[in-house]
């Protein structure tokens, strides 16, 4: 009863935000919230989010949308967020003076955000054997 999956090549677009001054854990909370959503829904969610980093995530998402529209000539109404993942970047190290001549380490992490958009065909919208992950079950 092993089901085989076959990859269907679809047009994709991506944008990478580098050197974002926030910890990867906090950035991943916002990336997790837009993963799998349509582009319109993701933009409206980030517009009204109360987190500080949502503006940066929104800028990266708008960059991915612009890449899809200008570089690949895709219709932005049929795009959704396929992948949104976070990676570690540089860590600034600072020192804070403590009692008795000691020092405490302060770590200021940076993160990297990658957003991949996928173009959905009409068959995927109607549910004709293709799920939103881009795989067809044979």
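Numbering (our numbering), first residue to last: 122 to 259. Glycine residues also receive a C-beta, built at the ideal position from the N, C-alpha and C atoms.
- Cβ atoms of residue 167 and residue 207 stay farther apart than 8 angstroms, at about 15 angstroms.
- Rounded to the nearest angstrom, the gap between the Cα atoms of residue 136 and residue 220 is 46 angstroms.
- Distances from the alpha-carbon of residue 211 to those of 222, 232, 227 put 232 closest.
- In this structure, 205 is the residue among 205, 173, 171, 174 with its C-alpha nearest to the C-alpha of residue 185.
- Non-local beta-carbon contacts of residue 161 in its own chain, meaning distances under 8 angstroms to residues more than five positions away in sequence, involve 198 in chain order.
- Burial state of residue 150 is exposed, judged by a 10 Å Cβ sphere holding fewer than 16 other Cβ atoms.
- Its chain contains 155, 182, 202 as the residues whose beta carbon lies nearer than 7 angstroms to that of residue 163, once the 5 sequence neighbours on both sides are disregarded; these appear in chain order.
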